[in-house]
Ligand code: PGA
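Residue numbers (the numbering used here): 9 to 263.
Put into structure tokens, the structure is as follows:
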């Protein structure tokens, strides 16, 4: 049985004065919660604060939104996966904003993925098609290219990896994929992983849906057989909404 996983990607939002109470609200609101794994990804400047607020036995794990592919060196302004060891457990890679706003290629995603694994962090690899790609029927081709690119040179599926299927047109737009469309794409991702790494690895893989997830639409998504949780952007900045999403995902799993 796959344990669902919920990620809260704050992106470049919150001042420190906003971040601290948000972290405390998550810690307290999810105290003892064990129906799903929860990962909060604050902006890098608050990772130390997050580590202080979310002590080791907290139900809320810490993730980083981005890392450089080298462990150290002359890369002004960057942070490495190796530096986050002891602070973060998870690292996001391949998010559509990194791909489309910052021009990260599949080769960059591959290098970053390796650095995350080398550091012993758990990767959350995001993939997803743009609206134009969906409209021209290229969705599966894009997903296959992104997966092949990310896993270039890999002989096995990393056991700690989580994949987030995030259609770009659904991110931050309020246009959530229908549960049927999200299920279909997540199932396609699983079968591509099965082709590449075998059925056993694919069936253990956790696949999140992301893109305008809210407390109102999550239940119908979370019951889909190939959806093992959610990657949440906007709604993760509201602790009540995010906690409600976590609870709905846990409930769907036990349904
Ligand atoms: P959203 O963002 O929930 O605001 O659409 C999702 C994401 O970018 O992971």
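Even glycine gets a Cβ: it sits at the ideal position worked out from N, Cα and C.
Under 8 Å between C-beta atoms of residue i and residue j
i, j, result
"residue 14", "residue 231", "no"
"residue 42", "residue 67", "yes"
"residue 89", "residue 127", "yes"
"residue 187", "residue 228", "yes"
"residue 104", "residue 59", "no"
"residue 100", "residue 118", "no"
"residue 176", "residue 137", "yes"
"residue 201", "residue 155", "yes"
"residue 114", "residue 153", "yes"
"residue 123", "residue 79", "yes"
Where residue i falls: helix, strand or coil (DSSP)
i, result
"residue 45", "strand"
"residue 2", "The structure shown has nothing for residue 2, since the chain only spans 9 to 263."
"residue 129", "coil"
"residue 220", "coil"
"residue 239", "strand"
"residue 100", "strand"
"residue 197", "helix"
"residue 37", "helix"
"residue 119", "helix"
Close-in-space but distant-in-sequence residues of the same chain around residue i (CB under 8 Å, 5 per side omitted)
i, result
"residue 97", "47, 69, 70, 71, 129 and 130"
Inter-residue spacing [alpha-carbon to alpha-carbon] between residue i and residue j
i, j, result
"residue 260", "residue 83", "44 Å"
"residue 20", "residue 55", "13 Å"
"residue 248", "residue 108", "30 Å"
"residue 39", "residue 94", "21 Å"
"residue 159", "residue 167", "13 Å"
"residue 205", "residue 163", "7 Å"
"residue 212", "residue 53", "33 Å"
"residue 197", "residue 216", "11 Å"
"residue 223", "residue 34", "15 Å"
"residue 208", "residue 139", "32 Å"
"residue 145", "residue 151", "12 Å"
"residue 142", "residue 193", "11 Å"
"residue 32", "residue 185", "31 Å"
"residue 181", "residue 92", "31 Å"
Contact belief for residue i with residue j at Cβ below 8 Å, rounded distance in angstroms
i, j, result
"residue 195", "residue 236", "About 12 Å; that fails the 8 Å criterion."
"residue 170", "residue 132", "5 Å"
"residue 270", "residue 12", "Outside the displayed range of the chain (9 to 263) lies residue 270, so it cannot be described from this structure."
"residue 174", "residue 242", "Not a contact, Cβ separation roughly 13 Å."
"residue 77", "residue 49", "Not really, about 18 Å apart at Cβ, beyond 8 Å."
"residue 57", "residue 28", "6 Å"
"residue 16", "residue 244", "3 Å"
Contacts around residue i, its chain only, beta-carbon distance under 6 Å, and the 5 residues preceding and following it disregarded
i, result
"residue 112", "106"
"residue 10", "214 and 236"
"residue 81", "none"
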